[in-house]
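Just below is one structure, and these are the notes that go with it.
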Ligand code: PMP
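Numbering (my numbering), first residue to last: 76 to 501.
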């Protein structure tokens, strides 16, 4: 008989995932990335890429990467603190700092590493990190790594956050949030977060992974859009989405950058980014500045797809961006809606727990600047009929607070009315 204390076998764990509708597999794209791709041999409209501006395939971006390969070699050869720090790294860091109106920037191997490394460097034992319930997994893992206590406030709920901060006075280290939420396409209430950070002596860190190149003036993100570049302590961003490359960064003050260089373990103990990734991102950043019409086109396309979906009776939650969630509910239905749409040439990946909370499985549609209006109209019809066929498409249950002024962070409700989410520290 099997020992009940033995760890569950691999086969059983995979079987559990299959039975729960949570089994994942990779589909293969042949050839290059773009608005239409060859997926497992069939041409489809790609509606689930973060290559929002289609710069991964832009000739100038490719050429910059290729030239760096030719002139600088394939790799950095060591951690930047040993001998892997190259002029090309420092040049991109200067440009990223200027883009976000921060003193300095520091490259990391990926957005996952930037978030985990930065959070762990900014908070530790005896302190509290406050994190939005829908923050990206790399932020969740960063909070775990930090060893600090974590308070997860309800999505965009500044009253819940204020309530927790009052109760942890003197221990507040960091508020951390996605700027543009990766799975919902809505925006963090940054004005309120800034105010709370000041009031309680905490730092504020904003992950602009999905907002760079898509949101705010010149695609400079949600912080720039809110006019808060001077108020935020750290902005993280990735080179892997709108910038069409690979890698990531934290943009911050000179002093915090020094702290990261000295304490952020993913930066200290990983090889520096390959020069080609850096040069390609640099070319993409230049294109974003030189050709703002790409961002306008992206936003027009997002508006079009959102209104077409709504025209077909679908709800898109609080999306205000190129990320448009179509809620399905349970994971099997989401997978089934995805494959129905795929049968008609539209690829919108099903997103399931743990990427999103239980009961909120969805098709996460992402628009690209290079999609044609006609194909987006057809895609909306295809998605709507796929979702209708699996019997979903209901209401969003997440309550989105109104940013227009009704909530006052000074007007914190009594504790009895504001219970913490299960598992929280306070
Ligand atoms: N932050 C957010 C909000 C993300 O969505 C992602 C990637 N999905 C990351 C960070 C990680 O970025 P990277 O892909 O560069 O690791």
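Just so it is clear, CB atoms sit at the ideal spot from N, CA and C, and this is done for glycine as well.
If you run the structure through DSSP and keep just helix, strand and coil, what is residue i?
i           : result
residue 499 : Note that residue 499 scores 49 on pLDDT, short of 50, meaning its location in the model is unreliable and no value can be drawn from it.
residue 442 : coil
residue 465 : coil
residue 138 : helix
residue 266 : helix
residue 130 : coil
residue 260 : coil
residue 274 : helix
residue 283 : coil
residue 367 : coil
residue 307 : coil
residue 296 : helix
residue 382 : helix
residue 159 : helix
residue 150 : coil
residue 289 : coil
Suppose contacts are defined by Cβ-Cβ distances below 8 Å. Is residue i in contact with residue j by that definition?
i           : j           : result
residue 159 : residue 191 : no
residue 422 : residue 121 : yes
residue 180 : residue 172 : yes
residue 401 : residue 438 : yes
residue 448 : residue 149 : no
residue 205 : residue 250 : yes
residue 195 : residue 220 : yes
Considering just the uninterrupted stretch of the beta strand (DSSP E) at residue i, what are its terminal residues?
i           : result
residue 428 : It is not in any beta strand (DSSP E) - residue 428 carries neither H nor E in the DSSP assignment.
residue 118 : 117-121
residue 112 : 111-114
How would you write the range of the alpha helix (DSSP H) that residue i sits in, first residue to last?
i           : result
residue 98  : Per DSSP, residue 98 belongs to no alpha helix (DSSP H) and is neither H nor E.
residue 341 : 340-343
residue 183 : Careful: residue 183 lies outside any alpha helix (DSSP H), inside the beta strand (DSSP E) at 179-183.
residue 406 : 406-418
residue 233 : 233-242
Can you tell me the Cα-Cα spacing of residue i and residue j, whole angstroms?
i           : j           : result
residue 478 : residue 141 : Because residue 478 sits at a pLDDT of 34, beneath the cut-off of 50, its placement in the model cannot be relied upon, and the following sentence gives the value as read from the coordinates. Residue 478 and residue 141: Cα-Cα distance of roughly 45 Å.
residue 407 : residue 269 : 40 Å
residue 426 : residue 398 : 13 Å
residue 222 : residue 246 : 13 Å
residue 344 : residue 138 : 30 Å
residue 101 : residue 444 : 25 Å
residue 378 : residue 280 : 28 Å
residue 256 : residue 134 : 30 Å
residue 474 : residue 262 : Residue confidence for residue 474 is low, a pLDDT of 41 falling below 50, so the modelled location carries little weight; the figure read from the coordinates is stated next. If you take the alpha carbons of residue 474 and residue 262, they lie about 13 Å apart.
residue 307 : residue 283 : 12 Å
residue 253 : residue 212 : 11 Å
residue 373 : residue 390 : 20 Å
residue 310 : residue 288 : 14 Å
residue 193 : residue 334 : 9 Å
Is there a Cβ from chain C that is less than 8 Å from the Cβ of residue i?
i           : result
residue 250 : Considering every chain present, this structure includes no chain C. It has just one protein chain.
- Message: Using only Cβ atoms and a threshold of 6 Å, which residues come within that distance of a heavy atom of the ligand PMP? Order them by chain position.
- Response: 185, 186, 187, 190, 211, 213, 253, 257, 282, 284, 285, 313, 315, 323
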